[in-house]
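Per this note's numbering, the very first residue in the sequence shown carries number 1; after that it's consecutive. C-beta: ideal position from N, C-alpha, C; glycine also. No experiment lies behind these values; they were computed from the predicted model shown. Only one structure is covered here, and it is reproduced in the block below.
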Amino acid sequence: MRACSSPFAKAASVLLLALGVPAAAGAQAPAAQTAAAPQARLSMADAVRLALERNHQLRAQRLGIDMSRGDEITAALKPNPVFTSLNQYFPVFTPSQLTWDNLANNQAFTESLSYLFERGGKREKRTEVARDTTDVTTKTTADLERQITFQTRQAFISVLLAKSTLDLAQQDLQDFSNVVEVNRQRLVAGDLAEGDFYKISIQKLQFETDVSAAEVALAQAKATLRQNVGYESVPEDFDVDGDLTYTKYAVTLDDVKQQALATRPDLQAAQSGLKLARDTQALAFGNRARDVTGEVEYERNGPNNALGFALSIDLPIHDRNQGNIAKSLAGISQASEAQLQAQATVLTDVVSAYASYQSNDKVVSIYQSGYLDQATQSRQISTYVYQQGSGSLLDLLDAERTYRATQLAYRQALAAYMTSVEQVNFVVGKQVMP
Numbered sequence: 001m002r003a004c005s006s007p008f009a010k011a012a013s014v015l016l017l018a019l020g021v022p023a024a025a026g027a028q029a030p031a032a033q034t035a036a037a038p039q040a041r042l043s044m045a046d047a048v049r050l051a052l053e054r055n056h057q058l059r060a061q062r063l064g065i066d067m068s069r070g071d072e073i074t075a076a077l078k079p080n081p082v083f084t085s086l087n088q089y090f091p092v093f094t095p096s097q098l099t100w101d102n103l104a105n106n107q108a109f110t111e112s113l114s115y116l117f118e119r120g121g122k123r124e125k126r127t128e129v130a131r132d133t134t135d136v137t138t139k140t141t142a143d144l145e146r147q148i149t150f151q152t153r154q155a156f157i158s159v160l161l162a163k164s165t166l167d168l169a170q171q172d173l174q175d176f177s178n179v180v181e182v183n184r185q186r187l188v189a190g191d192l193a194e195g196d197f198y199k200i201s202i203q204k205l206q207f208e209t210d211v212s213a214a215e216v217a218l219a220q221a222k223a224t225l226r227q228n229v230g231y232e233s234v235p236e237d238f239d240v241d242g243d244l245t246y247t248k249y250a251v252t253l254d255d256v257k258q259q260a261l262a263t264r265p266d267l268q269a270a271q272s273g274l275k276l277a278r279d280t281q282a283l284a285f286g287n288r289a290r291d292v293t294g295e296v297e298y299e300r301n302g303p304n305n306a307l308g309f310a311l312s313i314d315l316p317i318h319d320r321n322q323g324n325i326a327k328s329l330a331g332i333s334q335a336s337e338a339q340l341q342a343q344a345t346v347l348t349d350v351v352s353a354y355a356s357y358q359s360n361d362k363v364v365s366i367y368q369s370g371y372l373d374q375a376t377q378s379r380q381i382s383t384y385v386y387q388q389g390s391g392s393l394l395d396l397l398d399a400e401r402t403y404r405a406t407q408l409a410y411r412q413a414l415a416a417y418m419t420s421v422e423q424v425n426f427v428v429g430k431q432v433m434p
């Protein structure tokens, strides 16, 4: 069959091609929109970012801000005019009288339009209260972000400690396995009694148990971290980047106090709560003013046409909003006490966190002053002496236990120091020790 070469065929081909390209692009769109693959390795910054993005509690709290902004819109709205239509005297039970002449001369029609005029600045004060509520909600959400950030960093440090502990346990197991192997060769060569070899070999069980316990601790620490960042954010076998480190910071207690009082979101929320209470009181006094309803009315009664006006106002004889005014006054006192309590809590948190930071700093410095080297050298000397046949098994095991305990305590001290640094950042409300 010959290919069609008419101008109409060419045009049709171009049209089909033009239509086909978007279709093909649309077919590929779902593939491009698929969710990103879970992150296999996490830094501390990655963990915090994922936690702030995907924590469901925090996302629900943020939606509360949007809801509060919706209340702002509602509070600022003016009342709607009210249209009323009153039509009377229709002779529905005497259909013979339902004539045009009867409709024009006997029925009554009343059409009215009324509007509520708010007095006392209610709308402006109501809007201000709604804005204050949004501000409190926003700062409360910021405080939740502060808490989740600290929890995530704390969980990340726990993973680093668990990894370091596992590395230490595996290293100790490998080193002691080498000791066992050397003594196995001595047993074969006849330089070691079989009973002495069994005493050495059975000690390997403790090192293997330490490795198993460290593996469980690492799995549990990772599970806690994964819960913070979101299970869908990382795969089952994810890993973390980073090490237990010691960094000296030059901060004073007075500086930390001042920054905490200026930046802590829970204190700011309490301060905004006091403003909300005062604006609520202003609204309560504004609601004491009586609103006025004005009405314009057109009436047709038979052949007569008339225009009328009406005005209505609530007479404040009994209800003058006394209850809400009294409640708002108590609310101001309550919010003031809450602010003072929040301020005291901030200062207490700062003093406690800073003391913990200083204590952990001293502990790490003590270990780095020479105890780590002494424990390492003691183990090396005991191992060498024992392998030369001059030392006892008890001395070797004691040196191993001392080395393992010192190294483990040092790693725990590093983790405690890093956690105390993050705790200082937490009680301040920002990163003063990056």
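Strand pairing of residue i, partner residues [DSSP]
i           : result
residue 522 : Nothing about residue 522 can be reported from this structure: the residues present for the chain run from 1 to 434 only.
residue 287 : In DSSP, residue 287 forms no bridge with anything.
residue 111 : 85 and 298
residue 117 : 292
Coil, strand or helix - residue i by DSSP
i           : result
residue 244 : coil
residue 435 : Since the first residue shown for the chain is 1 and the last is 434, residue 435 is missing from the structure and cannot be characterised.
residue 62  : helix
residue 305 : strand
residue 52  : helix
residue 293 : strand
residue 90  : coil
residue 313 : strand
residue 195 : helix
residue 78  : coil
residue 30  : Note on residue 30: pLDDT 41, under 50, position unreliable in the model; no value is reported.
residue 320 : coil
residue 25  : No answer about residue 25 holds up, because its pLDDT of 39 lies below 50 and its placement is not dependable.
residue 385 : helix
residue 265 : helix
residue 434 : coil
residue 203 : coil
residue 216 : helix
residue 250 : coil
residue 390 : coil
residue 98  : coil
Contact set for residue i: own chain, Cβ-Cβ below 6 angstroms, skip 5 residues either direction
i           : result
residue 423 : 353
residue 240 : 42 and 159
residue 155 : 224, 225 and 228
residue 118 : 291
residue 328 : 280, 281 and 284
residue 108 : 88, 89 and 301
Cβ-based neighbour list, residue i, same chain, cut-off 7 angstroms, excluding 5 preceding and 5 following
i           : result
residue 429 : 146, 260, 263, 264 and 265
residue 272 : 132, 135, 136 and 139
residue 342 : 266, 267 and 270
residue 235 : 38 and 40
residue 126 : 75 and 283
residue 294 : 114, 115, 117 and 311
residue 296 : 112, 113 and 309
residue 180 : 200, 201 and 204
residue 61  : 141 and 144
When the options are compared against residue i, the one with the closest alpha-carbon
i           : options               : result
residue 356 : 68, 162, 338 and 418  : 418
residue 215 : 237, 194, 126 and 230 : 237
residue 112 : 130, 84 and 102       : 84
residue 251 : 405, 351, 290 and 345 : 351
residue 82  : 53, 52, 116 and 39    : 116
residue 245 : 72, 79, 161 and 379   : 161
residue 218 : 157, 175 and 98       : 157
residue 366 : 298, 413 and 303      : 413
residue 210 : 196, 221 and 174      : 174
residue 432 : 166, 258 and 70       : 258
residue 255 : 347, 378, 178 and 168 : 347
residue 77  : 128, 253, 304 and 88  : 128
residue 360 : 416, 73 and 49        : 416
residue 336 : 276, 59 and 206       : 276
residue 110 : 401, 188 and 299      : 299
residue 86  : 49, 95, 301 and 386   : 301
residue 55  : 94, 144, 66 and 318   : 144
residue 305 : 104, 171 and 402      : 104
residue 374 : 389, 403, 393 and 362 : 403
residue 425 : 376, 392, 253 and 339 : 253
residue 152 : 72, 46, 248 and 94    : 46
residue 213 : 364, 164, 93 and 95   : 164
Assumed close pair residue i, residue j - CB separation to whole angstroms, cut-off 8 angstroms
i           : j           : result
residue 287 : residue 122 : 6 angstroms
residue 52  : residue 149 : 7 angstroms
residue 382 : residue 405 : Not really, about 14 angstroms apart at Cβ, beyond 8 angstroms.
residue 197 : residue 187 : 5 angstroms
residue 172 : residue 207 : 5 angstroms
residue 332 : residue 278 : 6 angstroms
Closer than 8 angstroms: residue i CB and nearest the ligand PLP heavy atom
i           : result
residue 273 : Questions concerning the ligand PLP fall outside what the structure shown contains, since it holds no ligand whatsoever.
8 angstroms Cβ shell around residue i - same chain, five flanking residues per side excluded
i           : result
residue 242 : 43, 44, 156 and 160
residue 340 : none
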